[in-house]
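Count along the sequence shown starting at 1, add 1075, and that's the number in this note's numbering. Here the structure is laid out as structure tokens; the discussion comes afterwards.
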Amino acid sequence: MPSPDSAQTAKWLRTGYLYLLILPTFAFILVFAYYPSASAIYHAFFKWNGTNIKEFVGLDNFRRILFDDPDLPRSVLNMGLFLAGNILLQIPTLLLALVLYHLRLPRLQYLFRTLFVLPMVVPGMVGMLLWQFIYNPHVGLLNRLLTSLGIIEAPWLGPTWLADTSLALPSVIFMGFPWVNTIALLIYLAGFQRISTDLIDAAHIDGAPALARIWYVELPMVLGQIKLMFVLSVIGAIQDYGRILIMTDGGPGTSTLVPGLLMYHRAFRYSHMGYASAIGVLMFLVILGLTVLNIRYFKTHDEERRQAA
1076 MPSPDSAQTA KWLRTGYLYL LILPTFAFIL VFAYYPSASA IYHAFFKWNG
1126 TNIKEFVGLD NFRRILFDDP DLPRSVLNMG LFLAGNILLQ IPTLLLALVL
1176 YHLRLPRLQY LFRTLFVLPM VVPGMVGMLL WQFIYNPHVG LLNRLLTSLG
1226 IIEAPWLGPT WLADTSLALP SVIFMGFPWV NTIALLIYLA GFQRISTDLI
1276 DAAHIDGAPA LARIWYVELP MVLGQIKLMF VLSVIGAIQD YGRILIMTDG
1326 GPGTSTLVPG LLMYHRAFRY SHMGYASAIG VLMFLVILGL TVLNIRYFKT
1376 HDEERRQAA
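Okay, here's the thing in structure tokens:
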């Protein structure tokens, strides 16, 4: 029979081995996530060109961003429009998940789920370049479609989607037709599949019509998933600038400029790294504030019930 000391030693060895296994993960998170964030917060208070810190400026970078930067108001407005578009474009995904949930043939449901998940294997950069080609006013598919429908006489006489100040922002917002977010689709579908069949059967017995069952039984049961995707949409709208950088680079003019791209331009075009770090800190504070408000004041029925208990 092993002694208590040897058993304790074996326990400590097993625990130490487990910590050793996850140590590389923590190291990568520390180096590539926490360190850059801490560095950005630190350098936001300095005049820094990316190589050497010139001087401590305190809150001056933040003051210049909020009160002196002429591009900030337009970039914030564009970000708000992107946020509204991101939220509205969650509706097709939610409706598709609802349709897939009501497909009673498991094989058919699996087939359609697979078809909508397959686009995930296409790199995002490839998708952006494809949409850039679709919007091309000379050889793009969209103007050719309008020509075939008789709406315009020739592709090159049609709209210049990404070069028109009034069309560039809507074009970038609505790229990705039919606007099915694969991750959101799987999250919504998982939420629907967790609904107890007892609730559905009770609604059938009570004679509730199909629309009433969807509105009063099924959708309330996935409010947690809807809330999650709302938070992710907010974070994505504030952080995302990759597709704008590829599609329009913020132009024409500042018609598609967003705070994230403004930060990128200030950092890598003008070497105002401290200023760009301050923009990043402000974006983080906005995301944090909106997330806290959402968690605190927009609660699902399950969360309210757990809080009351």
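Where a beta carbon is used, it is the ideal one built from N, C-alpha and C, also for glycine.
| Sequence-distant residues of its chain with Cβ nearer than 8 Å to ILE1289 (five each side left out) | Along the sequence shown, read from residue 1 onward, the residue named residue 1289 stands at position 214. The residues are LEU1173.
| said: If distances are taken between C-alpha atoms only, which option among ILE1162, LEU1365, THR1189, LEU1163 comes closest to VAL1175? | reply: Counted from its first residue, the sequence shown places residue 1175 at position 100. The displayed chain sequence assigns Leu, not Val, to residue 1175. With distances taken between Cα atoms, LEU1175 lies closest to THR1189.
| Cα-Cα separation, SER1246 to ILE1104 | Residue mapping note: residue 1246 aligns to position 171 of the sequence shown, counting from 1. Residue mapping note: residue 1104 aligns to position 29 of the sequence shown, counting from 1. Going by the C-alpha atoms only, they are around 36 Å apart.
| Unbroken beta strand (DSSP E) run spanning ILE1258, endpoints | By 1-based counting over the sequence shown, the position of residue 1258 is 183. For ILE1258, no beta strand (DSSP E) segment is defined; the enclosing uninterrupted segment is the alpha helix (DSSP H) at 1257 to 1268.
| query | To the nearest angstrom, how far is it from the Cα of MET1076 to the Cα of PRO1099? | reply | Working through the sequence shown from its first residue, we reach residue 1076 at position 1. Working through the sequence shown from its first residue, we reach residue 1099 at position 24. With a pLDDT of only 49 at MET1076, under the threshold of 50, the placement of this residue in the model should not be trusted, and no figure is reported.
| query | DSSP on ILE1404, reduced to helix/strand/coil? | reply | Because the chain in this structure spans residues 1076 to 1384, residue 1404 falls outside the shown range and cannot be described.
| Closest by C-alpha distance to SER1330, when choosing among SER1150, PHE1137, LEU1096, ARG1269 | If you number the sequence shown from 1, residue 1330 lands on position 255. Comparing Cα-Cα distances from SER1330 to each of SER1150, PHE1137, LEU1096, ARG1269, the minimum goes to SER1150.
| task | Tell me, please, which residues DSSP counts as bridged to TRP1123. | result | As a position in the sequence shown, residue 1123 is number 48, starting the count at 1. Partner(s): ILE1128.
| field | Straight-line Cα distance separating PHE1121 from LYS1129 | value | On the sequence shown, position 54 is the one that residue 1129 refers to. On the sequence shown, position 46 is the one that residue 1121 refers to. Separation of LYS1129 and PHE1121 (C-alpha to C-alpha, rounded to the nearest whole angstrom) is 7 Å.
| Three or more beta-carbon pairs under 8 Å between the segment 1324 to 1344 and the segment 1232 to 1240, yes or no? | Contact holds: three or more Cβ-Cβ distances are below 8 Å.
| query | Between the segment 1257 to 1269 and the segment 1214 to 1221, do at least 3 Cβ pairs fall closer than 8 Å? | reply | In this structure the segment 1257 to 1269 does not lie against the segment 1214 to 1221, because fewer than three pairs of beta carbons, one per stretch, are closer than 8 Å.
| said: Between which residues of its own chain and HIS1347 is the CB-CB distance below 6 Å, once the five residues before and five after are set aside? | reply: Position 272 of the sequence shown, counted from the start, is the residue given in the question as residue 1347. Contacts found: ARG1341.
| field | Short Cβ contact (8 Å threshold) for GLY1299 with GLY1266 | value | Along the sequence shown, one-based indexing puts residue 1299 at 224. Along the sequence shown, one-based indexing puts residue 1266 at 191. In contact: GLY1299 and GLY1266 (Cβ atoms closer than 8 Å).
| Just how far apart, CA to CA, sit SER1352 and PRO1148? | What you label residue 1352 is simply residue 277 of the sequence shown in a count that begins at 1. What you label residue 1148 is simply residue 73 of the sequence shown in a count that begins at 1. PRO1148 has its alpha-carbon roughly 18 Å from the corresponding atom of SER1352.
| Within the chosen definition, does the segment 1312 to 1321 reach the segment 1156 to 1169 through at least 3 CB pairs nearer than 8 Å? | Yes, they touch.
| query | Under the rule that 16 or more other beta-carbon atoms within 10 Å means buried, what is MET1203, buried or exposed? | reply | In the sequence shown, the residue the question calls residue 1203 occupies position 128. Buried, because 16 or more other Cβ atoms sit within 10 Å of the Cβ of MET1203.
| With a CB to CB cut of under 8 Å and the five nearest residues on each side skipped, what residues in its chain are close to SER1308? | In the sequence shown, the residue the question calls residue 1308 occupies position 233. The answer, listed in chain order, is LEU1158, ASN1161, ILE1162, GLN1165.
| query | Should ASN1369 and PHE1305 be called a contact, given that it needs their Cβ atoms to be closer than 8 Å? | reply | Taking the sequence shown and counting its residues from 1, the one referred to as residue 1369 is at position 294. Taking the sequence shown and counting its residues from 1, the one referred to as residue 1305 is at position 230. Taking 8 Å as the cut-off, the Cβ atoms of ASN1369 and PHE1305 count as close.
| query | Sorted by chain position, which residues of the same chain lie with C-beta nearer than 7 Å to VAL1356's C-beta, five sequence neighbours on each side aside? | reply | Translated into positions along the sequence shown, residue 1356 becomes position 281. Apart from sequence neighbours up to five positions away, the residues of its chain that approach VAL1356 with a beta-carbon distance below 7 Å are ALA1115, ILE1116, ALA1119, ordered along the chain.
| field | Beta-carbon separation (whole angstroms), LEU1303 vs ILE1319, contact threshold 8 Å | value | If you number the sequence shown from 1, residue 1303 lands on position 228. If you number the sequence shown from 1, residue 1319 lands on position 244. So it is not a contact: roughly 25 Å between Cβ atoms.
| query | Secondary structure at GLY1251, three-state DSSP: helix, strand or coil? | reply | Your numbering for residue 1251 matches position 176 in the sequence shown. In the three-state reduction of the DSSP assignment, GLY1251 falls in the coil class.
| request: Go ahead and pull the three-state DSSP assignment for LEU1170. | output: Working through the sequence shown from its first residue, we reach residue 1170 at position 95. Reduced to three states, the DSSP call for LEU1170 is helix.
| request: Report the option in ALA1243, THR1222, PHE1359, THR1366 whose CA atom is closest to the CA atom of SER1112. | output: For this step, residue 1112 is matched to residue 37 along the sequence shown. SER1112 has its Cα closest to that of PHE1359, out of ALA1243, THR1222, PHE1359, THR1366.
| message | Mapping the DSSP letters down to three states, classify THR1235 as helix, strand or coil. | response | Numbered from 1 along the sequence shown, position 160 holds the residue referred to as residue 1235. Note: THR1235 maps to coil in three-state DSSP.
| query | ALA1278 to LEU1170, Cα distance in whole Å? | reply | As a working note, residue 1278 is residue 203 in the sequence shown. As a working note, residue 1170 is residue 95 in the sequence shown. Put simply, the backbone Cα of ALA1278 is about 20 Å away from that of LEU1170.
| field | Through-space distance from LEU1274 to PRO1403, alpha-carbon basis | value | This structure does not reach residue 1403, given that the chain is present from 1076 up to 1384, and the question cannot be answered.
| message | Helix, strand or coil, according to DSSP, for ASP1281 in the structure here? | response | Taking the sequence shown and counting its residues from 1, one reaches residue 1281 at position 206. Coil.
| task | Return yes when the Cβ of PRO1253 is within less than 8 Å of the Cβ of PRO1194, no when it is not. | result | Within the sequence shown, numbered from 1, the residue matching residue 1194 stands at position 119. Within the sequence shown, numbered from 1, the residue matching residue 1253 stands at position 178. In this structure, PRO1194 keeps its C-beta atom at 8 Å or more from the C-beta atom of PRO1253.
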